[in-house]
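Asks:
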Amino acid sequence: MPFLTLLKREVFRYIKNPIVTVAPPIISQILYILVFGLVLGPRIGEVGNFSYINFMFPGLIMMALLMNSFMNPSWSIYAGRHFGWIEPILSSPLSYLQIATGYILGGVLRGLFVGVILLGGAFLIPGVQALYAVHFVVIYFLVVAFLASSLGCIVGLWAQKFDHIALVMNFALFPLVFLGGVFYSLKMIEGISSLEIIVRLNPVTHMINGLRYGMIGLSDINLAPGLLFLPLLALGLFAISIKLIQNGYNLRD
Numbered sequence: 001m002p003f004l005t006l007l008k009r010e011v012f013r014y015i016k017n018p019i020v021t022v023a024p025p026i027i028s029q030i031l032y033i034l035v036f037g038l039v040l041g042p043r044i045g046e047v048g049n050f051s052y053i054n055f056m057f058p059g060l061i062m063m064a065l066l067m068n069s070f071m072n073p074s075w076s077i078y079a080g081r082h083f084g085w086i087e088p089i090l091s092s093p094l095s096y097l098q099i100a101t102g103y104i105l106g107g108v109l110r111g112l113f114v115g116v117i118l119l120g121g122a123f124l125i126p127g128v129q130a131l132y133a134v135h136f137v138v139i140y141f142l143v144v145a146f147l148a149s150s151l152g153c154i155v156g157l158w159a160q161k162f163d164h165i166a167l168v169m170n171f172a173l174f175p176l177v178f179l180g181g182v183f184y185s186l187k188m189i190e191g192i193s194s195l196e197i198i199v200r201l202n203p204v205t206h207m208i209n210g211l212r213y214g215m216i217g218l219s220d221i222n223l224a225p226g227l228l229f230l231p232l233l234a235l236g237l238f239a240i241s242i243k244l245i246q247n248g249y250n251l252r253d
């Protein structure tokens, strides 16, 4: 089936070269754990009655899951446009929905693959709690991977050069992640009203706190708004992806 062929291609593209696609995010998270968790953590002390490494770990997993889910379709679609690989897909019997879904599911599976590996690594670190509410972990893994991959599909269609993908990552995603509470609790910024407002409105804050609650039972915010708008945002981005492909946005000269 053409759809399964597309999905397999997207999956095997990163599985066949794990040194380039999977190893870097895992190594970078290990470095964060060593520097922030093991070196600085004891000096920072507990956050919400949890060790600093225990508090920080869910945010690191969410960062890796978000970035990998985004990168897979954004790079694949951009490279397909640039080198002409996407032409056979556009001329195949695949519907616009199937094309978008194939690229996006490839990103979802890559993000989940990295996220599950890191989550499994949490069991190897003494004192790190990994599963407080399993259903929250599953929900946030799936929703965020789908959301980030749908965004990656849109950016892959929009980008005119690879620097544009890096631009979105460096000036949008990374700032949102670091303002999302990976390394600090919202209680630490109480009194800084402007920053606190930005952090609370940041969708990544809801992603990180949702996963943190699922892993250790701690959240700085009410999770209900995020549980409502994150799936809606993901579906909205998915719909935009389908529409852009249907309209041939940057796909045909």
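Sequential numbering of the sequence shown, starting at 1, is according to full-length UniProt numbering.
From the three backbone atoms N, C-alpha and C, an ideal C-beta is built for every residue, glycine too.
Quick caveat: nothing in here was measured; it's all calculated off a predicted structure.
Please return the same chain residues whose Cβ sits closer than 6 Å to the Cβ of Gly59, not counting the five positions on each side in sequence.
Replies: Val182 and Ile208
Asks: Trp85: buried (16+ other C-beta within 10 angstroms of its C-beta) or exposed?
Replies: So Trp85 counts as exposed.
Asks: Give me whichever residues DSSP pairs with Val47 in a beta bridge.
Replies: Phe50
Asks: Roughly how many whole angstroms lie between the Cα atoms of Lys161 and Arg252?
Replies: Answer to the nearest angstrom: the Cα atoms are 16 Å apart.
Asks: How about Asn72 and Pro25: are their beta carbons less than 8 Å apart?
Replies: Result no, Cβ atoms of Asn72 and Pro25 do not sit closer than 8 Å.
Asks: Just checking my contact of Leu173 with Phe70 at CB under 8 Å: how many whole Å lie between their CB atoms?
Replies: 7 Å
Asks: Just the Cα atoms here: how many angstroms apart are Val134 and Gly115?
Replies: 14 Å
Asks: With H, G and I counted as helix, E and B as strand and the rest as coil, what does DSSP make of Lys189?
Replies: Reading the sequence as shown, one finds Ile at residue 189 and not Lys. Note: Ile189 maps to helix in three-state DSSP.
Asks: Taking C-beta to C-beta, are Val177 and Val168 nearer than 8 Å?
Replies: With contacts defined as CB atoms closer than 8 Å, Val177 and Val168 fail to qualify as a contacting pair.
Asks: In chain order, what residues of the same chain lie with their CB nearer than 8 Å to the CB of Val11, ignoring the 5 residues before and after it?
Replies: Cβ within range, chain order: Gly106, Leu109 and Arg110.
Asks: Going by DSSP, what residue range makes up the alpha helix (DSSP H) through Ser149?
Replies: Start and end: Val134 to Trp158.
Asks: When you compare only the Cα positions, how much space is there between Leu223 and Gly214?
Replies: 11 Å
Asks: How about Leu119 and Ile61: are their beta carbons less than 8 Å apart?
Replies: yes
Asks: How close, in whole Å, do the beta carbons of Ile198 and Leu186 come, if the pair is a contact with beta carbons under 8 Å?
Replies: About 11 Å separates the two Cβ atoms, so there is no contact after all.
Asks: Under 8 Å between the Cβ atoms of Ile15 and Val128?
Replies: no
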